[in-house]
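There are 2 protein chains.
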Amino acid sequence: MFEHITIIGIGLIGSSMARAIKRGKLATRLVVCDANEDALRIAKNLDIGDDYIHEAVEAVRDSDLVVLAVPMMAMESIVRDIAAHMKAGSILTDVGSVKECVITSLAPIIPDHVHLIPGHPVAGTENSGPNAGFASLFDGRWCILTPPIGADEQATNLLDQFWSHIGANVEIMDAAHHDRVLAITSHVPHLIAYNIVGTASDMEEITRSEVIKYSAGGFRDFTRIAASDPTMWRDVFLTNKDAVLEMLGRFSEDLTALQRAIRWGDGDALEALFTRTRDVRRRIIDAGQDEDTPDFGRTHED
Amino acid sequence: MFEHITIIGIGLIGSSMARAIKRGKLATRLVVCDANEDALRIAKNLDIGDDYIHEAVEAVRDSDLVVLAVPMMAMESIVRDIAAHMKAGSILTDVGSVKECVITSLAPIIPDHVHLIPGHPVAGTENSGPNAGFASLFDGRWCILTPPIGADEQATNLLDQFWSHIGANVEIMDAAHHDRVLAITSHVPHLIAYNIVGTASDMEEITRSEVIKYSAGGFRDFTRIAASDPTMWRDVFLTNKDAVLEMLGRFSEDLTALQRAIRWGDGDALEALFTRTRDVRRRIIDAGQDEDTPDFGRTHED
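Protein chains in written order, with the working numbering: chain A, 1 to 302; chain B, 1001 to 1302.
Okay, here's the thing in structure tokens:
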């Protein structure tokens, strides 16, 4: 699909893309770039690219597609460095979880002959680093592209096809709407998972080992998400502040109503909500966005 | 281990116990009892007991161990019915998620010659009903027993051994402490899962289908727990009100601090929490209370 692709940042997402590019034979030459020497060496040992280059300026030379797969707040300074070295007509995209800030911060600093088409593959695991990646991570998941107003249509279509070949379903969306949808489906869920794990760890009268031992009562589910990359998630909350704060306000408002229902013994209100939420799980499974095995398919020999 | 065991309520937990009792040959005669004719017929078709009796009064006759596996608030009226018909020296236990209320409500109404030893196996899935059960549900999980002050030691030891044979690790604990530990490791996690699923379903500008499509960003994890049995969970919150409200207060307090950190752009505070929570996941895996496969082992062919 592309003559030459460069991936900057070879963590979970970057290395999964590299593997999927290889699997689908989507580039003649795949350049892997990372500021971290260890990550670059691991990627080389994994043989997931064609060239391994430490300097971004060098890595983007002659590249037709440059993918930024680094935490949100690391993007701007990288793009300031590479902007002048990018090939005319090439596409610059990213995989960040927040999209309006990508347009705001990168659009003013890239040259006119480079097409900025931000993207966000909604997929991942709680693990980080080049070893954590795998080619099928994006299969059947959604990748959202948020081309800025006036973006080149051909470049958008090309990137759309690229992600389809990676294995994802593609959706085009306005960046601001993306940020609000993801705030409620991803960012606030992560925040409350991090928060409950923090609260449980800080109990004076309940030991940490009790929290660990009895975690199968529900708590352990939250610890998976709360094991996600700290820097990446710090940047998500700092760059999607407004949408996160609004959705968090709604969450807290609803939680206060539940708290009141418990205090006043309003069993009907509780049961009504708990019945309604059951249906959402069913619809996610029907849509192919989760599996139907009980307890996430955790091993129970029977 | 027992001559005659009676399980009242043949849902996920009751039917898993029946299967584990059969697997371990822990009873000569296992009587299955359920007020719901459908559930009883399904249990019979599954062949998970020796007798299937609709009336509890009849089901407990000559039984050495009676297990209440029904929602918390259904227990008292059942015990009022069966109390006079229970065998002298027999054990009455339960599997409810809240323990102080079991002692408070049941101790005054059972005869002196019956040993009340409440219990709580910390295990489950999001599915309900006799078809959802399986023999290995309790393997490697913890079962907490909360004998009231002055409870018969021999009866407690017998029940301890029984649960070990079912496959669980057993812990003896004060009922009030149990209720506080489970409030933070199970009840509040369930409440916030139900709550976020409700909040996400109620957005005016974001469609339900968007919430479903992009649920792999984190939201889908919460929908599993939020698909748990509505009646059982209503009863948990109504019977463990004080502990749940206190833990919920702590959760909300911590969440407000996070909200403030986001509003003021305090990245250090966010990253510090997100780094600390990662370790909790590791400890749960090391303790054998969850598996080490990324993304809960969801299928990603690679």
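Beta carbons are placed, not taken as given, at the ideal position from N, Cα and C, and that holds for glycine.
At a cut-off of 7 Å between C-beta atoms, V280 of chain A counts as an interface residue with respect to chain B. Short of 7 Å from the beta carbon of W142 of chain A, and not among the five residues preceding or following it, lie these beta carbons of its own chain, in chain order: V122, A168, N169 and E171.
The C-beta distance from I1005 of chain B to S1063 of chain B rounds to 7 Å, short enough to meet the 8 Å contact threshold. Under DSSP, W142 of chain A forms a beta bridge with A:V122 and A:N169. Residue nearest to D1081 of chain B within the set B:T1093, B:F1251 and B:V1060 is B:V1060 (criterion: CA-CA distance).
Residues of chain B whose Cβ lies closer than 7 Å to the Cβ of G265 of chain A are, in chain order, L1238. Only those residues of the segment 207-234 of chain A whose C-beta falls short of 7 Å from the nearest C-beta of chain B are listed: E210, V211, I212, K213, Y214, S215, A216, G217, G218, F219, R220, D221, F222, T223, R224, I225, A226, A227, P230, T231, W233 and R234. At least one CB of chain B lies nearer than 7 Å to the CB of Y194 of chain A. When Cβ-Cβ separations below 7 Å define contact, F296 of chain A makes contact with chain B. Contact with chain A is found for G1198 of chain B, since one of that chain's Cβ atoms lies less than 7 Å from the residue's Cβ. The alpha-carbon of D290 of chain A is positioned some 9 Å away from that of S1215 of chain B. Taking 9 Å as the cut-off between beta carbons, the residues of the segment 1059-1090 of chain B near chain A are M1073, in sequence order.
Spanning the alpha carbons of N131 of chain A and I42 of chain A requires a straight line of approximately 7 Å. Excluding residues up to 5 positions away in sequence, A1175, A1176 and D1179 lie with their Cβ nearer than 6 Å to the Cβ of E1100 of chain B in the same chain. It is roughly 48 Å from the alpha-carbon of D292 of chain A to the alpha-carbon of D112 of chain A. Contact between V1095 of chain B and A1069 of chain B is confirmed by a C-beta separation of about 5 Å, below the 8 Å threshold.
Per the coordinates, the alpha-carbon of M73 of chain A lies some 33 Å from the alpha-carbon of G218 of chain A.
For H4 of chain A, the enclosing beta strand (DSSP E) begins and ends at F2 to I8. The shortest C-alpha to C-alpha distance from G1129 of chain B to any of B:T1231, B:W1264 and B:G1249 is the one to B:T1231. Assignment of I1042 of chain B by DSSP, reduced to helix, strand and coil, places it in the helix class. Secondary structure in the segment 12-89 of chain A: the beta strand (DSSP E) runs of 3 residues or longer, each lying completely within the stretch, are 27-33, 51-53 and 65-68 in chain order. Within the same chain, Cβ atoms closer than 7 Å to the Cβ of A107 of chain A are found at L116 and P148, the five residues on either side in sequence being excluded. For the C-beta of P1189 of chain B, the chain A residues within less than 8 Å are, from N- to C-terminus, I196, G217, G218, F219, D221 and F222. Closest in alpha carbon position to L46 of chain A, among A:A18, A:R224 and A:P71, is A:A18.
In this structure, T1277 of chain B lies away from G297 of chain A, with their beta-carbon atoms at least 7 Å apart. Secondary structure of T299 of chain A (DSSP, three-state): coil.
Here S1136 of chain B is not near V1236 of chain B, since their CB atoms are 7 Å or more apart. For the 7 Å CB-CB criterion, D295 of chain A and T1125 of chain B form a contact.
Under the Cβ criterion of 7 Å, I1053 of chain B is not counted among the residues facing chain A. Following the DSSP letters along the chain, one finds D1094 of chain B inside the beta strand (DSSP E) bounded by residues I1091 to D1094. Under the criterion of beta carbons closer than 8 Å, I1192 of chain B and I192 of chain A qualify as touching, at roughly 6 Å. The alpha-carbon of L1159 of chain B is positioned some 14 Å away from that of I1007 of chain B. Interface with chain B (7 Å Cβ-Cβ cutoff): I8 of chain A is excluded. Taking the Cα positions, I1212 of chain B is about 47 Å away from V1057 of chain B.
A direct Cα-to-Cα measurement between E1037 of chain B and T1275 of chain B gives close to 51 Å. Cβ contact annotation for S228 of chain A (same chain, cutoff 6 Å, sequence separation greater than five): E126, in chain order.
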